[in-house]
Structure formats: structure tokens, C-alpha cells
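See structure below.
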Amino acid sequence: MVPETNVFDLNQLRRSCSSCALGELCLPAGIGHDDLDRLDTTVRDKRMLDRGGVLYRDGDPFAALYVVRSGSLKTFVQDEAGDVQVLGFHLPGEIIGFDALALNRHVSQAEALERSSICELPYARLQQVISEVPALHRQLMRVISREVIEEHRHLVMMGRQQAQEQLAIFLKSLADRYQRLQRDGIALSLPMSRYDIANYLGLVVETVSRLFSRLEEMGVLEVNRKAVRILRPDLLADLCRNNTAATKRHDTG
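Everything in the sequence shown is counted per full-length UniProt numbering, starting at 1 for the first residue and increasing by one.
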């Protein structure tokens, strides 16, 4: 039994964080009160990370999955020469740590982009509860599947020839994730740096800065430092599908 101070109150989760992926994982339709009591013993209380704080490192043994409660994190790999490749950005309500499932150790590093709070799901206990609550297993598979889809999207972005299309797909994907988490998908707050975005997309930071300015000139975005408002979601979607056609619409508009 987890000590009372380390148990997260799922009733409080219901009241205060309906958009959290922990709610999607732990509170699917049909789970009764007794099952919620089982889940109540699974979730450790939140931990705080300051900006730059490390949640786990490459090579750390696999012990838990983590839910971003507030703030945001990035995951990345670093080679022996110190070169970094950003793998993803993780928003409130999203679950991370799946990279360790195959080898029972983490193969990437997770670092806070800003002051963040994290809820811990010890995996051994989670497996036990999953065996007792089949609905929870189905939900976990859905979340893992979503992570695979995000990785596919990243590969698609990296393979695009047009840098403007890459950035458009990134912003559209971010807006879609905001909406899925019941947040404003028009007014985006970008906790990651322009360097991190460039690294994630396989571009240079000067190109990313220039593209933000161009999209602002086209009337697609309004940019104020890390705050980005999507003024023309239709045109942003066009840029994701067909860079040439969207540019022509702007030029003839």
C-alpha cells in the first residue's frame, strides 16, 4: 500500500483536471468505484521540476510512466559528441516514458521546458491494476497508439522538402493536441525555444525565425515572442497539404 502522502486523489483529478490524459487513462466509461479505489493506490503524488530539470536520463532503469500535470517537457537523445536530436514536446495531460518499455530502460532523456509538475504511475503496480481492470488496458493501448502516430507525424515532417510546410505541420499538430486536451487550439503558447523547434524539424534556427515572420506577413499567424495566435486556420491547413497552392492563394488574395 502506497503511503497516504504519496497517493493522488482521483476524485480531485475529476474536479480539477478533466483534460488530463491521466483522466483519460484512469477514468474510462464503465469503471466503477471499486476499480477507482484500486487505481487510487497506483498514482504517486506529483513531483515538481524547475526549468531544465531532468525527469529521466538515457540508460535509467524503467520504473514508471509519467503524466505531465502542468508545464511542459521535451524528450531528446544525445550522442557521444554532445549533438542533440529533439524527439518530441509534451504538454499538460500527456503521458511520457514509453521509450523504456522495450528494453526496460530509457533510451532518451526528458527535460522540463518550464517549471512543471509530474504525476508518477509506477509500472509494476500499474500492470497489476491493468490485469484487474480490462477497460484500463484498452485505454493504455489507445494512449500508446497515439504516441506512435505522433512519431509517424515527426517522420513525415522531417521528410518534407519545403521548410514552410514542415513548420505548418508542426503548428497544426500542436493546435490539434491543444484541442484534444480541451485547450484553446487557436492561441498557442510555445514553451520550447526556436532552436528546439528547428532541431525537431531538422532545420536551422535562422530558417525557423524567417518562416515565422513570413507566416505572420501572410496573415496566417500573429506572433508575440512565445505566444502564437492562428489567424487563418484554413490557410495553415492548406500549407500543410500543399505549400504551392497556399502560397498562390496568398499572392492572389
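All C-beta atoms in this analysis are idealised placements derived from N, C-alpha and C, irrespective of residue type, glycine included.
Only a predicted model underlies this, so the values are computations on that prediction, with no experimental measurement involved.
Closest residue to Q127 among I118, Q139, S116 and S117 (Cα-Cα distance): Here residue 127 is taken as the residue at index 127 of the sequence shown, counted from 1. Selected option, being the one with the closest Cα: Q139.
Tell me the rounded alpha-carbon separation between Q109 and V205. Here residue 109 corresponds to residue number 109 of the sequence shown, with the count starting at 1. Here residue 205 corresponds to residue number 205 of the sequence shown, with the count starting at 1. Taking the straight line from one Cα to the other gives about 22 Å.
Give the range of the beta strand (DSSP E) segment to which V54 is assigned. As a first step, residue 54 is located in the sequence shown; it is residue number 54 there, counting from the start. Unbroken beta strand (DSSP E) run through V54: V54 to Y56.
Should N199 go down as buried or exposed, given a rule of 16 or more other Cβ atoms within 10 Å for buried? Taking the first residue of the sequence shown as 1, we reach residue 199 at position 199. That one is buried.
Between the Cα of L97 and the Cα atoms of A81, R57, E114 and V84, which residue gives the shortest distance? Along the sequence shown, one-based indexing puts residue 97 at 97. A small correction: the amino acid at residue 97 is Gly; Leu does not occupy that position in the sequence shown. If we check each option's Cα against that of G97, R57 comes out closest.
Contacting residues, own chain, Cβ-Cβ under 7 Å from L73 (five flanking each side not counted): Residue 73 sits at position 73 when you count from the first residue of the sequence shown. Counting only Cβ-Cβ distances below 7 Å, and skipping sequence neighbours, we find L55, H90, I96, A110, E111, A112, L113 and S116.
Cβ atoms of L201 and F170: under 8 Å apart, would you say? In the sequence shown, residue 170 corresponds to position 170, counting from 1. In the sequence shown, residue 201 corresponds to position 201, counting from 1. Closer than 8 Å, so yes.
Taking only heavy atoms of the ligand GTP into account, decide whether any of them is closer than 7 Å to the Cβ of N199. The ligand GTP is not among the ligands present in this structure, which contains no ligands whatsoever.
Determine the DSSP secondary structure at residue 262, reduced to helix, strand or coil. The question about residue 262 has no answer here: the residues shown for the chain are numbered 1 through 253.
Span of the alpha helix (DSSP H) holding F170? Numbered from its first residue, the sequence shown carries residue 170 at position 170. A163 to R180 is the span of the alpha helix (DSSP H), which, as asked, contains F170.
Check whether the Cβ atoms of K226 and C119 lie closer than 8 Å to each other. By one-based count along the sequence shown, residue 226 stands at place 226. By one-based count along the sequence shown, residue 119 stands at place 119. Not a contact, by the Cβ cut-off of 8 Å.
Contact between the region 183-198 and the region 141-149 (3+ Cβ pairs under 8 Å): no
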